[in-house]
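Structure first, commentary second.
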Amino acid sequence: MPLQIVHHPDYDAGFAVNHRFPMSKYPLLMEALRLRGLAVAGALSMPEPAPAARLKLAHAADYVDQVIACQVPAKIEREIGFPIGPRVSLRAQLATAGTVLAARLALKHGIACNTAGGSHHARRAQGAGFCTFNDVAVAALALLAEGAVENVLVVDLDVHQGDGTADILKDEPRAFTFSMHGERNYPVRKIASNLDVALPDGTGDDAYLRRLADILPDLSRQRHWDIVFYNAGVDVHAEDRLGRLALADNGLRAREDMVIGHFRKQGVPLCGLIGGGYSTDVSALAARHAILFEVASRYA
Numbered sequence: 000m001p002l003q004i005v006h007h008p009d010y011d012a013g014f015a016v017n018h019r020f021p022m023s024k025y026p027l028l029m030e031a032l033r034l035r036g037l038a039v040a041g042a043l044s045m046p047e048p049a050p051a052a053r054l055k056l057a058h059a060a061d062y063v064d065q066v067i068a069c070q071v072p073a074k075i076e077r078e079i080g081f082p083i084g085p086r087v088s089l090r091a092q093l094a095t096a097g098t099v100l101a102a103r104l105a106l107k108h109g110i111a112c113n114t115a116g117g118s119h120h121a122r123r124a125q126g127a128g129f130c131t132f133n134d135v136a137v138a139a140l141a142l143l144a145e146g147a148v149e150n151v152l153v154v155d156l157d158v159h160q161g162d163g164t165a166d167i168l169k170d171e172p173r174a175f176t177f178s179m180h181g182e183r184n185y186p187v188r189k190i191a192s193n194l195d196v197a198l199p200d201g202t203g204d205d206a207y208l209r210r211l212a213d214i215l216p217d218l219s220r221q222r223h224w225d226i227v228f229y230n231a232g233v234d235v236h237a238e239d240r241l242g243r244l245a246l247a248d249n250g251l252r253a254r255e256d257m258v259i260g261h262f263r264k265q266g267v268p269l270c271g272l273i274g275g276g277y278s279t280d281v282s283a284l285a286a287r288h289a290i291l292f293e294v295a296s297r298y299a
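Just so we're aligned: 261 in numbering that gives the first Met the number 0 is position 262 of the sequence shown, and the numbers increase by one with no gaps anywhere.
In structure tokens:
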């Protein structure tokens, strides 16, 4: 069976090409997946916008209402990094729903990936750091509320610490958050995950992969996980302008194989999200994001 992929054309909110957030990576990623034979009939699903009630499982009701009405206070918009107009609001609702849908597909098929997601800086009361809604937290709490799962693991390997996910899930004992990130990178004030591993600037493939290989068995010993949300941010790459780490393409490929292989060999469903990536060469960036899907397809 092909890898189950969740995508919506409105993941691209149409930012200017010189915006710090490279919005054009979403259509370019889909083009890359088509060229690799992964975006095929039977593989693609399209989400509907997430309903407000589901978003409010993870976020303050007034903030959700502000985003949907496109009336987010200017101070919060500055922390997010862009204004919340109709296209951005719709994109946030769709990307979050995409992760919920990908999680449901992962529970059914063993593995599925969203071509967006990993918006881990959005906290309970507001967005931040290019993140409007926290899709992983929404999906985790939705599945827990429905009784679809009992234990949720978040493996966040974006180069930036998953402060928003930690904030939202800190009082949920059925969820465990793990973030491995650049020590000296955003956010300045971090919110403690259940497990945080901070890496020095310039960490390359070998040191990164050794550290990760030591941690994964410990995560599996914590308890039996019903689903893993994997934030596969590629901003750990040496050429990422916001990253400060030094992984190469081969290091990314080895990382994805290590994480996905570890959990799938144990029979744990895995939901993959693309996370961050901020290279100025957006075609190369899309190709890096495509590595997650290439590796995941071998476990489908």
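Positions of the beta carbon are idealized from the N, C-alpha and C atoms, including for glycine.
The C-beta of D217 has fewer than 16 other C-beta atoms within 10 Å across all chains shown, which makes the residue exposed.
Across the set G201, K189, V137, the C-alpha of V137 shows the shortest separation from the C-alpha of E171. The continuous stretches of alpha helix (DSSP H) do not include A42, and DSSP gives it neither H nor E. Exposure of L34 is indicated by the presence of fewer than 16 other C-beta atoms within 10 angstroms of its C-beta. The DSSP assignment places complete alpha helix (DSSP H) segments of no fewer than 4 residues inside the segment 122-181 at 134-145, 162-168, in order along the chain. Between P48 and A115, the CB-CB gap reaches or exceeds 9 Å. As far as DSSP is concerned, D204 takes part in no beta bridge. Short of 8 Å from the beta carbon of M22, and not among the five residues preceding or following it, lie these beta carbons of its own chain, in chain order: D11, A12, G13, F14. Nearest to A42 by C-alpha distance, out of N113, T131, D155, is N113. Rounded to whole angstroms, N249 and K169 show a C-alpha spacing of 34 Å. Membership of A60 in the alpha helix (DSSP H) is indicated by the continuous run 60-67. Counting along the chain, the unbroken alpha helix (DSSP H) around Y25 starts and ends at 24-34. N184 is a Cβ neighbour of V158, given a cutoff of 9 Å.
Note on T176: 16 or more other CB atoms within 10 angstroms of its CB, so buried under the neighbour-count rule. Taking all protein chains in view, the Cβ of A191 is surrounded by fewer than 16 other Cβ atoms within 10 Å, so the residue is classified as exposed.
According to the DSSP assignment, F228 belongs to the beta strand (DSSP E) that extends over 226-230.
If you look at A73, you'll find it in the alpha helix (DSSP H) that goes 73-79. The distance from the Cβ of A231 to that of I273 is about 6 Å, consistent with a contact at the 8 Å cut-off. Taken atom to atom, the span from the alpha-carbon of Q125 to that of K55 is near 12 Å. In this structure N133 is buried. Its beta-carbon is surrounded by 16 or more other beta-carbon atoms within 10 angstroms. Secondary structure note for G271: its beta strand (DSSP E) is the uninterrupted segment 269-272. In this model, G109 and A147 are separated by some 14 Å (Cα to Cα). By alpha-carbon distance to D256, the top candidate from A102, F292, Q92, I75 is F292.
Using a Cβ-Cβ distance cut-off of 8 Å, the segment 71-85 and the segment 229-248 are not in contact, since fewer than three pairs of beta carbons, one from each stretch, lie closer than that value.
Counting the other CB atoms within 10 Å of its CB gives K24 a total of 16 or more, which places it among the buried residues. Between H223 and L143, the alpha-carbon positions lie close to 15 Å from each other. Taking 8 Å as the upper bound for CB-CB distance, S282 and L27 are in contact here, some 6 Å apart.
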